[in-house]
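Numbering of the sequence shown is given in this note's numbering, commencing with residue 14 and proceeding in unit increments. This report concerns only the one structure given below.
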Amino acid sequence: METIALNKMIYAIFAKNTMIILLKRFIGILFIFVFLTRGITGQDDPVLLEIGSQPVKLSEFIYIYEKNHGEDANYSRESVEEYLQLFVNFKLKVKKARELQLDTLPELIEELSGYRKQLAGSYLMEKELSERLLAEMYERRNQDVRISHMLFKVRRNAPESEWQEAHSKAGLAMNKLHEGEAFEKVALEMSEDENTAPFGGDLGYITAWLPSGFYYLENAAYNLSIGEISKPIQTRLGVHIVKVIDKRPAYGKIEVAHILIREKEGDAAAAKERINRISQLAKNNADFFELAKTLSDDRVTSSNGGRLQAFGINTFDNTFEEAAFALKNDGDVSEPVKTKAGWHLIKRISKPEESYDEFKRRMKPQLPTLERFTNIKDILIEEIKEETGYTWNEIVLDSFASTLNESFYSYRWEKELSSNPTLLSFGSEYPYTLDHFVDFARKNARLRMRHNKEKSPKEALYTLFDEYVRILAMDYEERNLENKYPDFKSLMREYEEGILLFEISKNTVWDKASTDTAGLRKYYNAHKENYYYTPEAKLAIISIPKNKTGLAEEVYAYASKNSINKTLSKYNKKETVLDITFEDINAEDSRVKNMEWKNSSVSQLMNDDEVGNITFYKLETIYPKKFKSLEESRGYVMAHYQQSLEEKWVKELKSNYPVTIYKDVIEMVIKS
């Protein structure tokens, strides 16, 4: 019963983690999924072994090896060869399971389908959204982009008509550009950004990331080549047209301290003279931070030694930033720099650098809160639609929308269809008919009712249709993850084989061991000497008082070779030299952990610091072993019986399915 409970526990763990890869001994090894595959493909992925006539590629072994060993995957000869044997046993069992057609059992198919659904959603979010966005954000920080733009303003919360007007203006501007007019000229004439229009729309250099509401403008800046012009782009300010002027390695962020000397009206020379004197003091190794505390006119930073928080471009005056970023080394101090605020000396403190792994750890938890996370999902959906040749029938949807009335906003809305034409498709393999969308609309009452009194039924239907398409696009991507990502395909193969392994092991080993009472008793009778209680013994504690410690070595040597009674007779004749007590202990007692478990074994001499005595122990008598009955040792016997059944089973499998291992291939990955 103990082992049945254990098997159920194993199954529960398996169901929770959705993965059992390989049984090792009688329980097995559970893997958590991480994506560590080395990406071996094509001609670089030779056949490692054959189970019967079934080839197994090297990449599959590497995938499993790395997942099991994690950071300890050092590819040593010992670890590779040991794991290869476990891997072969695993593949043998899976082959047998397929031969028995366990992979066709409806309950196992349903179980795998459930696991896949859970995995696909999280994988899609991780691989296609999180990783993609993190990589994009990190790379963009490494580049500054100079852009010009035209802006056609739209008020906040403006009606659709105002957006249409802005797009119309942008369309006229695009026409002029297509006719060959210079971007700067068109911006001067048409842009509604009063600050940049006089300069041909020049915004200067921007650096990622732009604030919320400007992600698509940022995309244009970083995705277009120098000289390219974007299509009209919507931001929270209105509609933009962007031209990329230049790109350069990003300045990144820098931490500096500064000293500011303001110019007093009518006395500019005095300020310059003061900054020059302070500059000379700094060159003569005066403490810059102390100079800032006592001499700087910037009362906000002077108390802190002039230190500013780390900053990037477009934070302060351009001249100040150029001078700060021109400093090459930590500790360098600039020459006097003139800005609108006055004269500065700038000392570089540090230029923080962040690796991608550090950046990923810091930013990943924040992703769901970022607007760009939703934006990149929208972009992914548009890419899916483009890749699949997505089409939809506007006539069908418009015709259906014309039949709606205010009842569309009711909770119990129903709609009978006179026909059921195809409404949309993601390629020829995934068509969806009108009734599918109508059923979606019926079930999503909250989405329908959200637009009550805000939009007409037709407008609400189109909004609902957009959400419907988004869901279908992500569903399509989930269904095709195996085709797009080899590591997801490997993961699903691993899950399937884990399910098959569990099922066949349960049928062949675990259930058999728990029901075969005769076999279990036979195994116990053959091995019952292995099942006994913890060995016990009589322990003598021999203590020599501090006033007799000079005899300790002599007593110790004598007691090591003679019985306790003889030792007492020799040393306690005229006076008490030894204090001896006895205890019954077992082999797990901490006092005997470093002693050999045999009669007359003695410990080392030990000082009792509290009272000054010297003590040692002696195993006076080792008691005979007390053996357990089958009932008392059932859990252990069951486990060992399962192990013996499995060893016998693996031996049979190897005789039925000859295994060929290509040693030259395995040598390719062994490193030491």
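Note that beta-carbon positions come from the ideal geometry of N, C-alpha and C, so glycine has one too. Computed from a predicted structure; not experimentally measured.
Which stretch, first to last residue, makes up the beta strand (DSSP E) that contains residue i?
| i | result |
| --- | --- |
| valine 269 | 268-274 |
| glutamate 163 | The question names glutamate, but residue 163 is methionine in the sequence shown. That run of the beta strand (DSSP E) goes 156-166. |
| glutamate 6 | No statement about residue 6 is possible, as the shown extent of the chain runs from 14 to 685 and does not include it. |
| leucine 632 | 627-635 |
| serine 438 | 435-438 |
| threonine 476 | Per DSSP, threonine 476 belongs to no beta strand (DSSP E); it is in the alpha helix (DSSP H), 470-492. |
| isoleucine 674 | 672-674 |
Run through DSSP, which three-state label would residue i get?
| i | result |
| --- | --- |
| glycine 251 | strand |
| tryptophan 610 | coil |
| glycine 402 | coil |
| valine 682 | coil |
| aspartate 330 | coil |
| lysine 586 | coil |
| threonine 705 | In the structure as shown, the chain starts at 14 and stops at 685, and residue 705 therefore has no counterpart that could be examined. |
| glycine 355 | strand |
| alanine 409 | Looking at the sequence shown, residue 409 is not alanine but valine. Helix, per DSSP. |
| glutamine 114 | coil |
| proline 558 | coil |
| lysine 502 | helix |
| proline 262 | strand |
| threonine 16 | Interpretation of threonine 16 is limited by its pLDDT of 30, a score under 50 that renders its predicted location unreliable; no figure is taken from the coordinates. |
| valine 568 | helix |
| serine 415 | coil |
With DSSP as the reference, please indicate the residues paired to residue i in a beta bridge.
| i | result |
| --- | --- |
| glycine 217 | Ile160 |
| arginine 361 | Val269 |
| leucine 591 | In the DSSP output, where bridge partners are listed per residue, leucine 591 has none listed. |
| glutamate 549 | Asn599 |
| serine 225 | Paired residues: none, contrary to the question. |
| glutamine 67 | Ile64 |
| isoleucine 246 | His253 |
| lysine 182 | Answer is none; lysine 182 lacks a bridge partner. |
| arginine 320 | Ala270 |
| aspartate 280 | Lys277 |
| valine 346 | Lys360 |
| phenylalanine 640 | Tyr545 |
Whose C-beta lies closer than 7 Å to the C-beta of residue i among residues of the same chain, with five residues either side of it excluded?
| i | result |
| --- | --- |
| alanine 195 | none |
| leucine 430 | Leu447, Asp448, Val451 |
| leucine 658 | Val522, Lys525, Ala526 |
| arginine 461 | Phe421, Tyr422, Trp426, Ala454, Ala473, Leu477 |
| alanine 550 | Ile598, Leu632, Thr634, Ile635, Tyr636 |
| leucine 164 | Ser204, Glu205, Asp206, Leu250, Gly251, His253 |
| serine 316 | Lys306 |
| leucine 146 | Leu380, Arg385, Phe386, Ile389 |
| asparagine 669 | none |
| tyrosine 546 | Lys639, Lys641 |
Between which residues of its own chain and residue i is the CB-CB distance below 8 Å, once the five residues before and five after are set aside?
| i | result |
| --- | --- |
| leucine 694 | Absent from the structure is residue 694, since the part of the chain shown begins at 14 and ends at 685. |
| aspartate 116 | Ala110, Ile122, Glu509, Leu513 |
| leucine 552 | Phe595, Glu596, Asp597, Ile598, Asp602, Arg604, Val605, Tyr630, Lys631, Leu632, Glu633 |
| leucine 474 | Leu410, Phe413, Ala414, Leu417, Phe421, Ala454 |
| phenylalanine 301 | Ala270, Ile272, Ala295, Gly318, Gly319, Val346, Leu358, Lys360 |
Got a sec? Which residues, its chain only, sit under 6 Å from residue i by beta carbon, not counting five neighbours each side?
| i | result |
| --- | --- |
| isoleucine 288 | Ile274, Pro349, Trp356 |
| glutamate 63 | Thr673 |
| glutamate 197 | Gly213 |
| threonine 352 | Asp330, Thr332, Phe333 |
Round the Cβ separation of residue i and residue j to the nearest angstrom and send it over; I've been treating them as touching at under 8 Å.
| i | j | result |
| --- | --- | --- |
| valine 257 | glutamate 241 | 6 Å |
| isoleucine 291 | aspartate 259 | That belief does not hold up - the Cβ atoms of isoleucine 291 and aspartate 259 are roughly 36 Å apart, past 8 Å. |
| valine 93 | isoleucine 679 | 7 Å |
| serine 347 | isoleucine 362 | Not confirmed; about 13 Å, so no contact. |
| lysine 561 | valine 624 | Going by Cβ atoms, the distance from lysine 561 to valine 624 rounds to 13 Å, so no, they are not a contact pair. |
| alanine 336 | lysine 266 | In fact, because the Cβ distance is near 16 Å, the residues do not count as touching under 8 Å. |
| serine 646 | tyrosine 536 | That belief does not hold up - the Cβ atoms of serine 646 and tyrosine 536 are roughly 11 Å apart, past 8 Å. |
| arginine 153 | alanine 200 | Between alanine 200 and arginine 153 the Cβ distance is about 24 Å, and since that is not below 8 Å, they are no contact. |
| tyrosine 687 | leucine 485 | Nothing in the structure corresponds to residue 687, since the chain is present only between 14 and 685. |
Just reading off the alpha helix (DSSP H) that residue i is part of, what are its end residues?
| i | result |
| --- | --- |
| proline 4 | Any answer about residue 4 is impossible in this case: the structure gives the chain only from 14 up to 685. |
| serine 527 | 524-528 |
| histidine 618 | Sequence check: residue 618 is leucine here, not histidine. No alpha helix (DSSP H) contains leucine 618, which DSSP labels as neither H nor E. |
| valine 687 | As displayed, the chain neither begins before 14 nor continues past 685, which places residue 687 out of reach and without an answer. |
| valine 199 | 196-203 |
| arginine 375 | 369-376 |
| proline 211 | No alpha helix (DSSP H) contains proline 211, which DSSP labels as neither H nor E. |
| asparagine 575 | From DSSP, asparagine 575 is part of no alpha helix (DSSP H); its letter is neither H nor E. |
| serine 420 | Note, serine 420: premise wrong, no alpha helix (DSSP H); not H, not E. |
| serine 126 | 119-136 |
| glutamate 144 | 144-153 |
Check whether chain B comes within 7 Å of residue i, counting only Cβ atoms and requiring the distance to be less than that.
| i | result |
| --- | --- |
| lysine 166 | The chain labelled as chain B is not found in the depicted structure, where only one protein chain is given. |
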